[in-house]
Structure formats: structure tokens, C-alpha cells
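Protein chains in written order, with numbering that gives the first Met the number 0: chain V, 0 to 236; chain X, 0 to 236; chain L, 0 to 236; chain F, 0 to 236. Data block below; observations after.
Number of protein chains: 4
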Amino acid sequence: MLLKEMREQVYEANMDLPKHGLVVFTWGNASAFDRDRGLFVIKPSGVSYDKLTPENLVVCDLEGKVVEGTLRPSSDTPTHAILYKTWGDKIGGIVHTHSAAAVAWAQAGRAIPCYGTTQADYFYGEVPCMRGLTKEEIEQAYELNTGKVIIEGFKGKDIVAQPGCLVRNHGPFSWGSDAAEAVYHAVVMEEVAKMARDTELICRSADKPCAEALAPQYLLDKHYMRKHGPNAYYGQK
Amino acid sequence: MLLKEMREQVYEANMDLPKHGLVVFTWGNASAFDRDRGLFVIKPSGVSYDKLTPENLVVCDLEGKVVEGTLRPSSDTPTHAILYKTWGDKIGGIVHTHSAAAVAWAQAGRAIPCYGTTQADYFYGEVPCMRGLTKEEIEQAYELNTGKVIIEGFKGKDIVAQPGCLVRNHGPFSWGSDAAEAVYHAVVMEEVAKMARDTELICRSADKPCAEALAPQYLLDKHYMRKHGPNAYYGQK
Amino acid sequence: MLLKEMREQVYEANMDLPKHGLVVFTWGNASAFDRDRGLFVIKPSGVSYDKLTPENLVVCDLEGKVVEGTLRPSSDTPTHAILYKTWGDKIGGIVHTHSAAAVAWAQAGRAIPCYGTTQADYFYGEVPCMRGLTKEEIEQAYELNTGKVIIEGFKGKDIVAQPGCLVRNHGPFSWGSDAAEAVYHAVVMEEVAKMARDTELICRSADKPCAEALAPQYLLDKHYMRKHGPNAYYGQK
Amino acid sequence: MLLKEMREQVYEANMDLPKHGLVVFTWGNASAFDRDRGLFVIKPSGVSYDKLTPENLVVCDLEGKVVEGTLRPSSDTPTHAILYKTWGDKIGGIVHTHSAAAVAWAQAGRAIPCYGTTQADYFYGEVPCMRGLTKEEIEQAYELNTGKVIIEGFKGKDIVAQPGCLVRNHGPFSWGSDAAEAVYHAVVMEEVAKMARDTELICRSADKPCAEALAPQYLLDKHYMRKHGPNAYYGQK
């Protein structure tokens, strides 16, 4: 059986999604990428989490073709495939969920502004919102084009410093060095989505412009750098 | 004892309602319909979920008369009866709850607009809100007329493509091919009720018209069809 | 030991408050009244729920004096005492909590309007909000005057048909035929507080006047009567 | 091993943070101060709660230098150190979290107004919001200056009567006589943050000025004094 250890990691990552309250039913998926083999492991489509095992996960290549597995892979597989194909030198795990607060921002078609350090610790600025797909993009190759729109939206951005985004009218996608880190970033996105929603309500209740609440650039610099810069001092070495 | 297997399904469906956070106390009920016999199984009225058993469920006919059972059926039984009588060729399960977010939309008297794919995967457009019952309808045969108002509100609509609705000043009703699917759609309605409420708050905080957030028709078409159309490719075959 | 059976009931009622998410720490209390003896059983003050036992509950008379028990009774004891003294022919249990959504209405100084059937099933109309206590009332006999302000606010109202209220800048009080029913009504108040808050947000997002969302009087009549009138048909006989 | 008993207390306090829903992952820390030795015990940085033990906590002096422990202390250690150094005669425990509702107020840059008794029981008035740090303060000694800005913000205030604050664009800090009381105040802040947010929404839905909802000064006096004044009568003696 291919990628035995990675199967365990992807299994754990998928199981963590309902544990963190990010998915109900089967509304989410996690995958991980084996750079050397050019293959990734992903959740099968529509299988409930209590029936998931490391063994029934599906292995796909970068065209999204099944290499090992008897079940159909997640319907979002072409999105994962194109992201690994394009960004596979920088990321090793991807997560997609329909977590409620992040979805609300995606549906509103708004990036999550960076109002504080909770977001700044992981996202170097806003959580960007991608443009909506066109009619043609949706009809022709919906899931593949979802990935292409994400890649287009990150042109000129640092995907490691902004490890996730919102797809308009849809929901959040996140990534990381492995599946576990992609899950971590999915949790961050949901938490900051709640906090930013409430920050704006609290500003508005006092007729205070939300723009005044934005975290200043030097705070972003400090927080991101203390976790991720060359002189990082958060956590254990 | 009649409908032994269906009793188990209806028992499970009722027990899933508090598990999904859709009901407190006894504020909800699930039923299932046996098309061949023209009978349905429903929760007894006001019985707490921890005292429910497959055996104390009540079997009724399409006039809502008790055919088997010593307890009174749910006070909403005439609503279930008329829906099965009218739509019984297309649906096999019905659920009614007072889940908080869906009730808020029902109380506001507004349909839940379709802002994204979470809703589009199960509802081909909005979750409609029925008109309020008149004084006469309420006084004469309240629960039966609740069902009639739902049927009236779905004239010209596809009840399979929009498997649920809000009854004004009251709460959500959902249905499906069996009791389990009706529960599933009740969960969907509560989730999208939360998401849509927050989508509008997030739009308003940025003085953005909510109408701009609506999912375009071609996105609805795609999402609904990939799960339900003849070429559906979500889940396992 | 006095009122042994009632101690069990009051113990269960108090333990149900954190179970229903109505209290954190010690921010709530339940009591029950023995009409024949003119005594009530109440939670001791500031004792955490995991240290509560039927035996360490406190028995008080209608002046709020301790008749049995080594611990101090709840600081809200004079409120309970005056309510039983005045309404003891109609009620047998009282609950006070700081449940978050109901407190928000109390703090806003607004009655919870009746927007739907969830509320109408238990409250025949709004959940009223009492006037704030004056400086003198607070300084002289705060807890006793809290009870007096509630009694004043219910002049001309039916305390059985509206089994609870909000005390301004403070929080919810509810009552019932026994301690368990008072807990039930406390849960109802918290649920409808959430629903009404969201109903108004959803109305406002569409620039719809909240007044249009109010449940019509004939719906209130029907729902209240089907549970509580002489021809009640909800639940089991 | 130093401060054995205090290690147990700080361990319990840290473990209580996720239990009360105040932290996800490692986003929080609790410490306690030994006045006689001039040392404090604090959570190690970035260590998940399920790997925490009393033994792997870190002991620091008032300059924030590690006195005992093999792990790095929390990155917020200089904040704790300066607070103990300055206020150590009055406080014995400190907690910092990113609890969602309190963070929203901090991000909005607003103090939590005192709308009712839940807050008045523990905070003698508002929960103050500190000014944002300047670019220089952030770049030079961020965590130390966070503490200094808190101390500056409490000039002329009674830190025992207002046992916590919000740091702008960041989140809540609380303190108390020991670590457990600091946790208690962190829970209070999160609860009142939710209540005050909703109080303002409910006022606004009725076009009622939020200022009218403020608790009057005599209510603050009464509630604070009945728990904390010389004639306190809440709880057991």
C-alpha cells in the first residue's frame, strides 16, 4: 500500500476537522502531498468521518487521476491537484471546509481584514477573497478552475505568509507544510472570521469606522516575524 | 407490531435531532411514510427524547388517525398527514424543529437567500418562507392548514429540489426520501440560516448591498447538478 | 431533615442549570416552595455546582430567615421569599440565572417581543422587562426590592401565562408550578432571547420594520391555548 | 524543584482555559507569583495543553529570566514579569487569552461598557481598553512594553476593582489574588464581552441609544460592595 505514513497523517487531519467544529456531515476534506513521488492522499468523496480509515483514503497523481484506492476521491480533487502541481515546492497539505463564519465572509465576497494579533500570528495581513468564477469556468471544469482562480488570486502574494483564502460564494481553503498545519490554518481562519465579524459589529454599534480598527503594519510585521522570521522566538526550538 | 423496520429509522431520526443541536426538550419531531400501506410513523407528543423507544412511536393513516400506539401522536400530525397525502409519491420522511437560526428567519418572515454553495448543494435556490396563516385557518384546523399553506407555497416549485421551507412566525419543516434525509435537510437549513444571517451582517458592516452577495444562477445549476443531476459525481456510486 | 423530597427536586433543578448552559460558575439559583409549611428550599450562596448536595441546600421561611441549614442561603433569597409570599398560591418554583442572551435583553432594558410560536407556547405575549430600581430601593433592601419591582411590574398581568421576566440591568427570573418547570421556563427565555435578537438582525438587514415580524394575536391565542387552555391537546394526558 | 505547590495551581489554571472555551491550541497562558521569593511560574511557550505537566512549567524572576525549567517560557513572559514587579503586592496570578468575544472588543479598540450586574459583580465599571503600542514600543521590546502600556492605562485606577483589561488589536489580560482567580476573571470578561455586544445590537435594533442601557452608578456601587466591600454578604464566610 502506497504512502502508508502519509495516510495516517491525512486520516488524523480529516478526523480533526469535525473535532474542531469545522465540518458537519462530510463537508470538508484534507489532503497531503508527497513531493518525491508527485502523489497526494485525499479523503474519498461523501464518506462520513466515522467510516473513514487510513486505508480507504485515495491516492492521486497531479492530474487528479486515482493511483490507488477503490473509492472515488473527493469531488474537490482537481482543486487540490492543481494547487500541488503549481505550489508543491512550498506546500504539503491542503484543507477545504464549510466552517460557518469563514463561509459567511466568502459569501459576502469580502476578505477578512486584519484587526489584530490572532490573525497576524499566522496571516501576514488579510485573508484574501478570490474573485467569483465565470459561467464558463464553472461549466467547463469547475473544480480545476477553482484551483486556477486561487492561483491567479495569489499572483504576487506569498502563499506561505498568507496560508489560506476564501473562494467567493463558496468557502475557505487553507494549506501548510503538511496536512496538520493546513488544519491548523483552517481553525485560525474560522476563529478570526468570528472575531472580525464581531469587531465590525462592535465598531458599528459605536458609529466608529471599521477602518480605524485595522492592525497597523508594524504590528503585523512584529507578530508575523516573532513566529516565522529568522529570529522567531515563539514556541520551542 | 406494524412497520417494525421503519420504527427503527424514525426512532434514529428523532434521536438525531438533539444530537445535531436542532431541538431542546421536545421541540421537534420526525416521521416516515410507508407508501404501500399508506401509513406513517411519528413521534408521540411531548415525550422527551430519553424516553423515546421504537415501540412507543405512533402509526397513523393519511387522515392523521392513530392506527397503532397507546400514546397521542405529535400535535403536528395533521401537517405530516396532509404532506404525505399530497406529496407521498415524492417524499418518505418529514422533520419539524425549532432550531434557533432557522426560526429567526421564519420569525422575520424572510426566505433564506442562496448566498453560496453550502445551500446550493441541497437547495436549488432559496429556502422559501410560507405566508402566515389567516385567523380563520388558525382557529379552524391549525395544524392541517399549516400543511395546506406549505403545499400552496410550493405550487410550481420542485419539492425535491427545495426540500424544506420556513413557516412564518413558526419554524422550519424539511423532507426527504426517508426520515434520515429529512433530518439531513433540517441540519442544512440550520447551517445555512446561520451563514446567511452572518453574510448579511458582514455585507452591511461594509455598506455593501446584500443582493451583490447572491450566488449566480450558473453556480446554483452546477452545484445542484453535481449532486443530484443525471451526471452527478459527488459521493460514491 | 425538613422537606427531604423537595430537597431532591431543588438539587436536580440547580444541577440542570449548568447542564442547559444557563450558568457559569455559581451565577444562578433555583428554589421550590412548600405551600403547606410556608417554607422554601434554596441553593446556598456562592457554592459551586459540583459541591452541591440535597443536604447542603438551605430551608428558609417567607421572611427569608434560615430555618434549617448551616450555609448562608443565596444572596437572592429575599427576592424568592417575597415572590412566594405574594404569589405562593400560584407558583411553586423560582429560577434566576445570568444566561447570556436573556441578560442582553435585560441590559438593553427591552421586553422580548413575541415573534413566534416558540415563545407563544409558553409565554402569552412578550417576556416583560421590569423598570430599573431606584437609588433608594437599591441602597435600602436591594434583593427584597428586586422582588417588589417584579410584583409591581406584573400588576394586571397573569403570572402563569407569562412565567418569567427580565430585571433591568440584571437578568432573567422565571417561575413555575415547581422547580423543574421554573428551569424549563428559564431555558425557554434563553432560547427565545437568541431567536428574537436574530429575528431583529435579519429584519434590519433587509430594512424591514421589526414590528411587521410580530406574531399576530390570534396565533398567540391558539398556541397558548393548545398547551394550556381547557381543551389543551399538546403532550400526553 | 522550586514552588511545587504553586506549579500545581498554575497547571490547573492553564488546563482550565480550554475547559472554559477561552483558548484553542496554545493561545493562552496563566502564571502565578510567589511574593516572598520574587519568582513566578508560567506556561512554556507553544506547548499544547495535553502535553502540559506541573513539572514542565517554567520558573522566572521579575526580569523574566528563567530560574528553573528546560523549556522556553511563554513569549508573553516579559508582560507578566513587569506586571508582577509593579503590582506584585496586590496580585498573585495573571492570565492572557485570545477568547473570541473579548478579542473582538480589543480589536474594535473599545472598553466594554458596564451594562449590568454580571460585570458589576467583578468589575467596578467598564473593562478598560489600553491604547495601542507605538511603532517604537513594538519594535524595541514588544512584550515588556505591552505590560508598561497596561500599567500606564491603570494609573489612577484600582487594579483590584478592575481586575483585567483589553490590549488594543490584541486581546484580554486578567489578574487576581492567585492563578485561579485570574482565570475566573478571564471567564467573566468573555461572558460580559458577549453580553455587551448583544446588548448593543438589541438596543440598535430598536433605535435606542446604547448610553441609555448603562448601569447606573448606584447599581455598580451596590453590586461591587456586596461581593467585595467590608460588609460583603455574597458567598460563605
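For each residue, glycine too, the CB sits at the ideal point set by N, CA and C.
For F/N230, there is no enclosing alpha helix (DSSP H), since its DSSP letter is neither H nor E. The three-state secondary structure of V/D197, taken from DSSP, is helix. The C-beta separation of X/C128 from X/F122 comes to about 13 Å, leaving the pair out of contact by the 8 Å criterion. Not a single CB atom of chain X sits nearer than 9 Å to the CB of V/E189. Contact check for L/F32 and L/G87: beta-carbon distance about 6 Å, within the 8 Å limit, so the pair qualifies. When secondary structure is reduced to three states using DSSP, F/D75 falls in the coil class, being assigned neither helix nor strand.
Assigned with DSSP and collapsed to three states, F/P43 falls in strand.
Using a Cβ-Cβ distance cut-off of 8 Å, the stretch 184 to 194 of chain F and the stretch 90 to 103 of chain F are in contact, since at least three pairs of beta carbons, one from each stretch, lie closer than that value. Leaving aside the five residues that flank L/L1 on each side, the residues in its chain whose CB is nearer than 6 Å to its CB run, in chain order, V58 and E67.
For the 9 Å CB-CB criterion, L/P53 and L/R6 form a contact. Interface residue (Cβ-Cβ distance to chain X less than 9 Å): L/T96 is not classified as such.
For V/I111, no chain F residue has a C-beta closer than 8 Å to its own C-beta; the minimum C-beta separation is roughly 12 Å. Interface residue (Cβ-Cβ distance to chain V less than 9 Å): X/K42 is not classified as such. By the Cβ neighbour-count rule, L/D75 is buried, with 16 or more other Cβ atoms within 10 Å of its own. The beta carbon of L/E199 falls within 9 Å of a beta carbon belonging to chain X, placing the residue at that interface. Counting only residues of its own chain and dropping the five nearest sequence neighbours on each side, L/I137 has a CB closer than 8 Å to the CB of N144. Residue burial annotation: X/T133 is exposed, with fewer than 16 other C-beta atoms found within 10 angstroms of its C-beta.
Membership of F/W104 in the alpha helix (DSSP H) is indicated by the continuous run A99 to A107. Contact between the stretch 214 to 226 of chain L and the stretch 217 to 236 of chain F is absent: fewer than 3 CB-CB pairs across the two stretches fall below 8 Å. Taking 9 Å as the cut-off, the beta carbon of V/T116 is found no closer than this to the beta carbon of F/G63.
Residue burial is scored here from C-beta neighbours: V/P208 has fewer than 16 other C-beta atoms within 10 angstroms and is therefore classed as exposed.
As the crow flies, the alpha-carbon of V/K42 is around 18 Å from that of V/K84. Interface criterion not met: the Cβ of F/E211 is under 9 Å from no Cβ in chain V. Taking each of L/G146, L/A192 and L/E125 in turn and checking the Cα distance to L/A160, the smallest one comes out for L/E125.
Here X/M188 has A101, V126, G163, P171 and S173 as same chain residues with Cβ atoms under 7 Å from its own Cβ, once five neighbours each way along the sequence are excluded. Between the beta-carbon of X/G45 and that of L/Q118 there is about 18 Å, and that puts the pair past the 8 Å contact cut. Restricting attention to X/Y232, X/R36 and X/W104, the CA atom closest to the CA of X/D120 is found in X/Y232. Taking 9 Å as the threshold, the shortest C-beta distance from V/M5 to chain F does not fall below it.
The CB of L/R225 comes closer than 8 Å to the CB of S74 and Y141 in chain X, given here in chain order. Among the residues of chain V, those whose CB is under 9 Å from the CB of X/V186 are V23 and F24, following chain order. In the displayed model, X/G37 falls within coil according to three-state DSSP, outside both helix and strand. Residues of chain F whose Cβ lies closer than 8 Å to the Cβ of L/K134 are, in chain order, P215 and Y217. Between L/K147 and L/I81 the beta-carbon gap is near 6 Å, inside 8 Å, which marks them as a contact.
Secondary structure note for L/D15: its alpha helix (DSSP H) is the uninterrupted segment K3 to K18. The alpha-carbon separation between V/G155 and V/R196 amounts to approximately 27 Å.
Taking 9 Å as the CB threshold, X/G115 lines the interface with chain V.
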